[in-house]
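Oh and the sequence shown: position 270 is 270 in the UniProt record's numbering, straight run, nothing missing.
The C-beta atom is built at its ideal place from N, Cα and C for all residues, glycine as well.
Reading through the structure tokens given below for one structure.
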Amino acid sequence: MRSLRIALLALAALIVSMLLPGTAGADPATAAAPTFKAPFGCGQTWTYSHHSAEVRRALDFVRTDGGATAGAPVLASAAGTATRHSQAGGAGNYIVIDHGGGWRTYYFHLAAYSVPNGAAVAQGQQIGTTGSTGNSSGAHIHYEQLLNGVGQDIRINGTALPYPGSYHQRYLTSDNGCGGGGGGRYWVDTFAQTQGYAAPNTASPQGVLLQGTHYVYCKVWGARYAGVYGHNHWWLRTDLDRTHPGGNGRGAYVPAYYLSRWGNDEARDNSGNVIPDC
Numbered sequence: 001m002r003s004l005r006i007a008l009l010a011l012a013a014l015i016v017s018m019l020l021p022g023t024a025g026a027d028p029a030t031a032a033a034p035t036f037k038a039p040f041g042c043g044q045t046w047t048y049s050h051h052s053a054e055v056r057r058a059l060d061f062v063r064t065d066g067g068a069t070a071g072a073p074v075l076a077s078a079a080g081t082a083t084r085h086s087q088a089g090g091a092g093n094y095i096v097i098d099h100g101g102g103w104r105t106y107y108f109h110l111a112a113y114s115v116p117n118g119a120a121v122a123q124g125q126q127i128g129t130t131g132s133t134g135n136s137s138g139a140h141i142h143y144e145q146l147l148n149g150v151g152q153d154i155r156i157n158g159t160a161l162p163y164p165g166s167y168h169q170r171y172l173t174s175d176n177g178c179g180g181g182g183g184g185r186y187w188v189d190t191f192a193q194t195q196g197y198a199a200p201n202t203a204s205p206q207g208v209l210l211q212g213t214h215y216v217y218c219k220v221w222g223a224r225y226a227g228v229y230g231h232n233h234w235w236l237r238t239d240l241d242r243t244h245p246g247g248n249g250r251g252a253y254v255p256a257y258y259l260s261r262w263g264n265d266e267a268r269d270n271s272g273n274v275i276p277d278c
């Protein structure tokens, strides 16, 4: 009798776990969803909308912070394996990233690809540039999140986004590629130690970037910085080696003047790639 009672209790617990959300009966693929981030660069603000004619739960993003939409870097929302595709009459040039567990993200209408087919990509890594290829009336990022081939309501940093019917009703500011994720970084050499600043000017020093090899995230056009070797208006966003008391060494700006290999008003990484705009 006691063994029968234990068996009945175990059966009841199993049924409850299957019925209640968030318990052991939850879909394991859903539970393993990545923490997706915005498909555009750190600190950028884009507006977004949804067209009712879309078959899947896509959102279209357009930049609104003063930077250009066309040519802006498109970043991986989460780590995975990227494949390149093209559909002249529809999605244009696009990339699909397989994140595992049945999850995939789609990035349509790219002007260009930034990774080879089948590449392993990190969250925040640039995978292409924003464009208007295929069936598109203007530059934008068409973005989708799918689970086992079915479009899902898009979540960024675990929060579901609304689905406005037109632009300029809702906005999203990205924290993708801001550091700590291993992606969205460009390696550069600096020929001397330099101060890092809170903005692309010398008004507010935050700390020091030492001479040597460093990663940077992106570039901003700012105050002219000049020295005995020339000048540069570009400033590089990076994390400093040393922080002044009360300063913030994360996401500070250093003059591109200190890049070892390039000239006036140039900002390239060690491989010669142009560092993207922030």
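Rounded separation between residue i and residue j - CA only
i           : j    : result
T213        : R185 : 12 Å
R84         : H50  : 24 Å
residue 302 : V274 : Residue 302 is absent from the model: the chain starts at 1 and stops at 278.
S166        : Y48  : 7 Å
Q125        : F36  : 13 Å
R155        : A192 : 43 Å
S114        : P276 : 12 Å
Y106        : T64  : 22 Å
T202        : G90  : 47 Å
Q123        : Y225 : 32 Å
G134        : A112 : 12 Å
V62         : T194 : 35 Å
residue 349 : R261 : The shown model of the chain, from 1 to 278, leaves out residue 349, and the question about it has no answer.
P205        : I95  : 40 Å
residue 284 : Y258 : The requested residue 284 is not part of the displayed model; the chain covers only 1 to 278.
E266        : G249 : 24 Å
A88         : A223 : 42 Å
Element boundaries [beta strand (DSSP E), containing residue i]
i    : result
Y253 : A252 to P255
P73  : P73 to L75
C218 : C218 to G227
W46  : T45 to S49
E144 : I141 to L147
D189 : Y186 to T190
Y107 : W103 to Y113
N93  : G92 to G100
D60  : L59 to R63
V208 : P205 to L209
N232 : G230 to T238
R84  : G80 to Q87
Q193 : That residue, Q193, is in no beta strand (DSSP E); it is neither H nor E in DSSP.
Outcome for residue i when other beta-carbon atoms lying within 10 angstroms are tallied against a minimum of 16
i    : result
P200 : buried
H168 : exposed
A72  : buried
P245 : exposed
N93  : buried
L59  : buried
V188 : buried
G149 : exposed
N232 : buried
G196 : buried
D239 : buried
T190 : buried
A68  : exposed
Q145 : buried
Beta-carbon separation (whole angstroms), residue i vs residue j, contact threshold 8 Å
i           : j    : result
Y171        : V220 : About 20 Å; that fails the 8 Å criterion.
L75         : G43  : About 12 Å; that fails the 8 Å criterion.
residue 280 : A32  : Shown here, the chain extends from 1 to 278; a query on residue 280 therefore has no answer.
R237        : V216 : 6 Å
G118        : I97  : At roughly 11 Å, the Cβ-Cβ gap does not stay under 8 Å, so G118 and I97 are not in contact.
What are the start and end residues of each continuous beta strand (DSSP E) run of 3 or more residues lying completely inside the segment 122-176, in chain order?
If one requires a minimum length of 3 residues, the beta strand (DSSP E) runs lying completely within the segment 122-176 are 126-130, 141-147 and 171-173, in chain order.
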